[in-house]
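This report refers to the structure that appears directly beneath it.
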């Protein structure tokens with residue numbers, strides 16, 4: 001039976017490469033040879049990580065081998081198959097063993113399977129719920145004893161055999177002879193059918209549990225992946241629904257950032273956002289608090305929201321928000337979707353409580369979860385396996401992923417699946433329980449290609465609206481960017497969905513007039529953009545608001561106020577606001593103030609005088625603030641890590657080549673042809689030996705420390721020595737190599 005190191009040495013380059021890809025922790029730092037690799041393969045932490053990638057049946061197979069003590073002596077495949085139960089075939093067990101061998105958790109032929117000793121520590125204390133075997137008790141004796149048990153004793157044994165072999169009872173306080181036993185526990189202890197662990201704990205012997213379980217020694221074993229009941233909404237319905245979700249998400253995101261640009265909330269001392277601010281914003285935007293919390297997390301992840309500088313920081317849009325808001329919807333979505341995919345946090349924890357019983361809000365530190373991107377992709381990649389237009393409900397997906405990797409996710413495993421699918425649905429990556437086409441492309445090809453796919457899914461933008469008699473305006477679909485901006489200015493959103501309903505009001509029309517529109521331009525906008533006749537009520541409203549709008553005009557003197565109506569000027573001067581504004585009359589129709597023009601206009605409006613600002617040429621100025629902005633994070637220019645977090649193919653090839661070279665060097669050092677120097681050679685002795693070897697064209701064995709501090713062994717054919725560097729040919733790879741002399745720790749000639 002070969003050792004693990006010998007077995008690894010016999011693997012092909014492809015098999016070693018597959019092992020390093022599956023267990024990338026083995027490659028850091030690079031192992032010098034397969035002996036070093038074997039040591040790392042068997043380390044407890046590495047074995048535990050490898051077990052996280054095992055499916056339920058592979059774990060059961062590993063448990064079966066451990067129960068058979070394959071970590072102490074080789075075990076044939078047939079014995080493991082028998083222990084797994086009557087329903088399991090040897091072919092199915094072999095497939096699981098092949099998977100374990102690929103991860104180097106098991107090695108050897110089917111007749112002699114060995115398990116890493118660390119596997120026993122990585123598995124539960126009682127694999128398959130089976131306790132320790134009792135001494136002097138065979139399975140046949142256990143079966144016979146089982147037949148003689150009373151109903152009460154049989155019920156107790158069955159309970160321990162079905163779950164954990166441990167039971168807590170006061171009857172274990174002391175062990176009494178059978179003739180003095182009065183309880184089922186005491187009788188079973190006296191007959192050796194229970195093992196006493198301490199004064200309150202008993203353990204069911206393995207032999208008795210096996211007798212109870214019969215044809216299924218390890219209990220129920222799930223040898224195959226669960227088959228979910230798929231939904232079939234069709235790819236057209238999926239993509240259409242996803243596109244609607246995307247537009248709704250972008251609308252809510254823009255509304256949130258605009259609102260916080262105008263009234264930025266304070267940053268809590270813990271770094272998050274206050275509950276009061278969240279509730280106020282949710283009410284203002286008319287969205288649920290859960291959705292708002294997700295939007296906040298996404299905005300920060302996409303670098304659209306950040307904290308301001310200063311002693312009293314506040315949450316506000318970054319300088320990137322304005323360019324993001326002006327971009328096409330597909331590009332806005334792609335950036336946010338990719339940010340969510342890479343988000344190392346769990347927004348799903350928002351609303352739960354931490355270990356101090358404090359409510360977790362968005363941006364709380366406790367939401368950090370470095371493995372969240374991996375777990376998120378794992379859920380979506382399962383949907384990616386399904387045919388286009390087919391999906392699976394969250395509970396079905398959770399069941400499949402629980403079978404594929406039962407050790408992953410911990411107590412939040414199933415919650416992670418539900419949270420991921422809910423968030424992906426809000427983002428339009430998933431719709432109707434199926435992966436959308438843009439979502440599928442996002443996983444495979446990244447945000448740029450996903451944006452192009454979303455363009456195809458989004459409805460064609462409309463160039464018209466429908467004006468109603470009740471002063472509402474219906475946009476029956478997605479509007480062209482220019483028309484959407486105009487509608488946002490002249491009307492307020494009343495409801496949104498597949499169709500958006502706007503309402504025109506005095507305030508919305510004044511907003512448009514403040515931005516520089518004239519009454520004629522507003523009439524023209526509704527006349528040319530509405531597919532329905534413009535109602536007279538809207539025309540009257542426009543004329544009425546425009547007539548009252550701008551009768552008072554402000555300028556800088558620091559500011560001036562003028563009006564063609566001296567009576568109105570007198571009315572303003574007599575109002576309570578005049579004193580606050582420090583108004584002074586300089587002509588029958590002109591007042592001046594020491595306040596900035598923006599403050600003058602705002603205070604006059606609050607006092608009931610609809611003033612507007614004008615520029616030097618008399619045109620109306622738009623004084624609306626674009627909101628507060630902060631710099632946000634600097635954009636990373638580095639290369640993004642690979643989604644899997646694994647090793648690149650080129651790097652894996654280099655590592656395998658180094659392993660082979662290390663093995664050859666180690667073999668040469670152990671051979672009789674090696675002539676070692678006495679002790680560590682001095683610099684002069686090393687230099688002389690290398691120069692002699694170069695002149696005589698003889699290979700040397702080098703002990704060498706690389707830049708990672710890893711000790712390596714090389715067999716080198718020296719060519720020249722100079723400048724503190726040995727130049728030669730690495731006989732392992734056949735490639736030229738350079739070795740700084742100060743990194744050489746030992747040297748020896750290799751004889752032919």
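In the UniProt record's numbering, the protein residues as written are 1 to 752. Where a beta carbon is used, it is the ideal one built from N, C-alpha and C, also for glycine. This structure is a prediction, so every number in the text was calculated from the model and none was measured.
Check: From what residue to what residue does the beta strand (DSSP E) around residue 613 run?
Finding: 612-614
Next item on the list: On a CA-only basis, which of 223, 163 and 121 is nearest residue 93? Give me that one, please.
Entry: 223
Next item on the list: Could you tell me which uninterrupted beta strand (DSSP E) segments, each at least 3 residues in length, are contained entirely in the stretch 147-220, listed from first to last along the chain?
Entry: 166-168, 195-198 and 201-203
Note to self: Measuring alpha carbon to alpha carbon, tell me which residue in 15, 22 and 35 is nearest residue 6.
What the structure shows: 35
Note to self: Going by beta-carbon coordinates alone, are residue 273 and residue 363 separated by less than 8 Å?
What the structure shows: yes
Checklist line | Nearest residue (CA-CA) to residue 10, options 704, 738 and 663 | finding: 663
Notebook entry, point to check: Three or more beta-carbon pairs under 8 Å between the stretch 305-320 and the stretch 389-405, yes or no?
Noted result: no
Next item on the list: Using the DSSP secondary-structure output, state which residues sit across from residue 704 in a beta bridge.
Entry: 712 and 744
Checklist line | First and last residue of the uninterrupted alpha helix (DSSP H) at residue 801 | finding: Limits of the chain in this structure are 1 at one end and 752 at the other, which puts residue 801 out of reach.
Next item on the list: Could you please give the first and the last residue of the uninterrupted beta strand (DSSP E) stretch that includes residue 726?
Entry: 725-730
Notebook entry, point to check: Any idea if residue 168 is buried or exposed, counting beta-carbon neighbours within 10 angstroms, 16 or more meaning buried?
Noted result: exposed
Next item on the list: Identify the continuous alpha helix (DSSP H) that holds residue 692 and give its terminal residues.
Entry: 683-696
Check: If you draw a straight line from the C-alpha of residue 612 to the C-alpha of residue 601, how long is it?
Finding: 6 Å
Next item on the list: Could you check how far apart the C-beta atoms of residue 499 and residue 245 are, in whole angstroms? I think they sit under 8 Å.
Entry: Not a contact, Cβ separation roughly 15 Å.
Check: What do you get for residue 676, buried or exposed, if any count of 16 or more other CB atoms within 10 angstroms of its CB means buried?
Finding: Only weak support is given to the placement of residue 676: the predicted model assigns it a pLDDT of 41, under 50, and the question is left unresolved by the model.
Margin query: Given this structure, state the Cα-to-Cα distance separating residue 360 from residue 149, to the nearest angstrom.
Written below: 54 Å
Notebook entry, point to check: Would DSSP call residue 582 helix, strand or coil?
Noted result: coil
Notebook entry, point to check: Quick one: Cα of residue 378 to Cα of residue 348, how far?
Noted result: 16 Å
Note to self: Within a Cβ cutoff of 8 Å, which residues of the same chain sit near residue 300, ignoring the five residues on either side of it in sequence?
What the structure shows: 306 and 363
Next item on the list: Would you mind reading off the limits of the alpha helix (DSSP H) that contains residue 494?
Entry: That residue, residue 494, is in no alpha helix (DSSP H); its beta strand (DSSP E) goes 492-495.
Notebook entry, point to check: Anyone know if the C-beta pair for residue 721 and residue 691 falls short of 8 Å?
Noted result: yes
Checklist line | Neighbourhood of residue 606 by C-beta, 6 Å cutoff - its chain only, sequence neighbours within 5 removed | finding: none
Margin query: Looking only at its chain, what residues have a beta carbon closer than 8 Å to the beta carbon of residue 576, apart from the 5 residues adjacent to it on each side?
Written below: 607
Margin query: Quick check: what's the CA-CA separation for residue 46 versus residue 151?
Written below: 46 Å
Check: Can you give the Cα-Cα distance for residue 688 and residue 735, rounded to whole angstroms?
Finding: 24 Å
Margin query: With a threshold of 7 Å on Cβ separation, who are the neighbours of residue 226 within its own chain once the five nearest residues in sequence on each side are excluded?
Written below: 399, 400 and 403
Checklist line | Backbone secondary structure at residue 364 - three-state DSSP | finding: coil
Next item on the list: Assign residue 719 to one of three DSSP states: helix, strand, or coil.
Entry: strand
Next item on the list: Could you pull the start and end residues of the beta strand (DSSP E) that residue 501 belongs to?
Entry: 500-503
Notebook entry, point to check: Exposed or buried, which one is residue 155 when buried takes at least 16 other CB atoms within 10 Å?
Noted result: exposed
Check: Would you report the Cα separation of residue 558 and residue 598, rounded to the nearest angstrom?
Finding: 11 Å
Next item on the list: Taking residue 559 as part of the alpha helix (DSSP H), name the residues at either end of that continuous run.
Entry: Residue 559 -> not in any alpha helix (DSSP H); beta strand (DSSP E) instead, spanning 559-562.
Checklist line | residue 316, buried or exposed, once every other Cβ within 10 Å from all chains shown has been counted against 16 | finding: buried
Item checked: Of the residues 137, 376 and 714, the one placed nearest residue 420, counting alpha carbons only -> 376
Item checked: Other residues of its chain near residue 247: CB distance less than 7 Å, five sequence neighbours each side excluded -> 329 and 478
Next item on the list: Figure out for me which residue from 164, 182, 214 and 699 has the closest Cα to the Cα of residue 147.
Entry: 214
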